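K.L.:
Position 166, counted from 1, in the sequence shown is what the working numbering calls 166; the numbers after and before it change by one each time, with no gaps.
Using N, Cα and C, we set each Cβ at its ideal position, and we do this for glycine too.
Model, not experiment: these values are computed from the prediction.
Okay, here's the structure, questions in a sec.
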Amino acid sequence: MTYSKIIGTGSYLPAKALTNYDLEKMVDTSHDWIVTRSGIVERHFAADNELTSDLALQASRRAIEAAGIKADEIDLIIVATTSPDMPFPSTACILQDKLGIRNGGAAFDMQAVCGGFVFALNTADLYIKGGQAKTVLVVGAEVLSRMLDWNDRTTCVLFGDGAGAVVLRASDKPGIVASKLHSDGQHRNMLKADPKVSMDGKAVFKFAVTVLSEVVEEVLEEQKMAGTDIDWLVPHQANIRIIEATAKKLGLGMDNVVVTVANHGNTSAASIPLALDTAVRDGRIKAGQNILLEAVGGGFTWGAVLIKW
Ligand code: ACO
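Structural data, given as structure tokens:
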């Protein structure tokens, strides 16, 4: 049986960091309100001349270096983003060029908003299992700061920019063991960018906790596993209260959850690979562990991926 194994991770945050105190000077808000409601303390914003593909490039270089491969070995690139450099060409094609890859491998973007990284990971896994790709670069990269409505204090304080990347390779040893994806377009107005981000925060909160718990249960039931079999939950980093509620439903203590929302804010499709890379590099995630990723985003889209590391 062929599996997709993550052989390298990388991430990148733009240099400019804004604390809640910085935001107090820009909008009618307070550090206490933001941290109590969301758990966010600071977020990074791309410089004016930094594009999503630039963030993706830095994260990808680090993942490729960690994997110990040459960029040219990558025969598929999927970039999950809701803030592409431009409508076309895809950020994945731009990234392929910036990485100097000239092997004719496929490259495309995946648009599932905050759910994008799990959708992209599942897609990459299917390409590898189907024998259509051997070495896949999956990136989540966002410059959401350009879509924020600075007249809407309920949303503009929640988001940040960043990128994370993983290199997947075909292997006969377990890697990705299960994935479940869902969408429901009926809820498309609850959270959207038209063209600026707007959200019904309370409705999103309730919806997110419900569907995340359901999809995680779906994966665990299929694998005949319990929440306590999970070594690390690596959730989409939107809001600490959503993360805590999901962990509780799983019966997991927060000691088994990777949390980066305080320093990254909600980086949409980039949040999971950013958190994953953080926990790989600081030694928390180790070979043989069960890692569960879960995300929910505008659309609505949601999903979970279980990985034997
Ligand atoms: N600073 C200060 N006060 C604020 C701010 C702010 N930035 N924003 C809103 N307020 C005020 C409101 O005006 C309101 O005041 P009022 O009571 O006088 O009318 C008060 O704070 C409470 O506002 P609520 O909207 O009720 O606040 P709530 O407790 O629901 O928290 C939040 C809002 C954080 C958005 C919450 O609903 C939430 O966490 N939702 C989940 C959505 C989420 O995390 N989305 C991220 C993107 S979605 C995704 O990634 C899937």
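(1) Since residue 113 and residue 148 are thought to touch, with beta carbons under 8 Å apart, how far apart are those beta carbons, to the nearest angstrom?
(2) Does DSSP classify residue 109 as helix, strand or coil?
(3) Taking the C-alpha atoms as reference points, what is the distance between residue 95 and residue 203?
(4) Would DSSP call residue 308 helix, strand or coil?
(5) Do residue 183 and residue 2 count as a contact pair if the criterion is CB distance below 8 Å?
(6) Is residue 323 buried or exposed, if buried means 16 or more other CB atoms sit within 10 Å of its CB?
(7) In chain order, what residues of the same chain have a beta carbon less than 7 Å from the beta carbon of residue 156, not counting five sequence neighbours either side?
(8) Suppose you measure from the CA of residue 88 to the CA of residue 82; what does that come to, to the nearest Å?
(9) List the whole-angstrom C-beta distance separating residue 178 from residue 219, where the pair is believed to meet the contact cut-off of C-beta under 8 Å.
(10) Using the three-state DSSP reduction, which class does residue 116 fall into: helix, strand or coil?
(11) Under 6 Å Cβ to Cβ from residue 103, same chain only, skipping five residues before and after it: list those, please.
(12) Using the Cβ count rule (16 or more neighbours within 10 Å means buried), how would you classify residue 84?
(13) Count the CB pairs spanning the region 221 to 237 and the region 2 to 13 that are closer than 8 Å, and state whether there are at least three.
(14) Please identify the residue among 230, 144, 217 and 215 whose C-alpha is closest to the C-alpha of residue 194.
(15) Below 8 Å on the Cβ atoms is my contact criterion, and I expect residue 299 with residue 115 to pass it. Report the Cβ-Cβ distance as a whole number of Å.
(16) What is the residue span of the beta strand (DSSP E) that residue 45 lies within?
(17) For residue 314, which of helix, strand or coil comes out of DSSP?
P.N.:
Let me lay it out:
(1) The pair is not a contact, with the Cβ atoms about 14 Å apart (cut-off 8 Å).
(2) Three-state result, residue 109: strand.
(3) Between residue 95 and residue 203, the C-alpha separation is close to 36 Å.
(4) Note: residue 308 maps to strand in three-state DSSP.
(5) Contact: no.
(6) This structure does not reach residue 323, given that the chain is present from 1 up to 309, and the question cannot be answered.
(7) The beta carbon of residue 156 sits closer than 7 Å to those of 27, 148, 149 and 150, all from its chain and outside the five residues before and after it, given in chain order.
(8) Their Cα atoms are separated by approximately 13 Å.
(9) Contact annotation, residue 178 with residue 219: C-beta distance approximately 5 Å; criterion of less than 8 Å satisfied.
(10) Note: residue 116 maps to helix in three-state DSSP.
(11) Once the five neighbours on either side are set aside, the close Cβ partners of residue 103 are 72.
(12) Buried, by the Cβ-count rule.
(13) Contact fails: fewer than three Cβ-Cβ distances are below 8 Å.
(14) When only C-alpha atoms are compared, the closest one is 144.
(15) About 7 Å separates the CB atoms of residue 299 and residue 115; that is less than 8 Å, so the two are in contact.
(16) Residue 45 -> beta strand (DSSP E) spans 42 to 45.
(17) Limits of the chain in this structure are 1 at one end and 309 at the other, which puts residue 314 out of reach.
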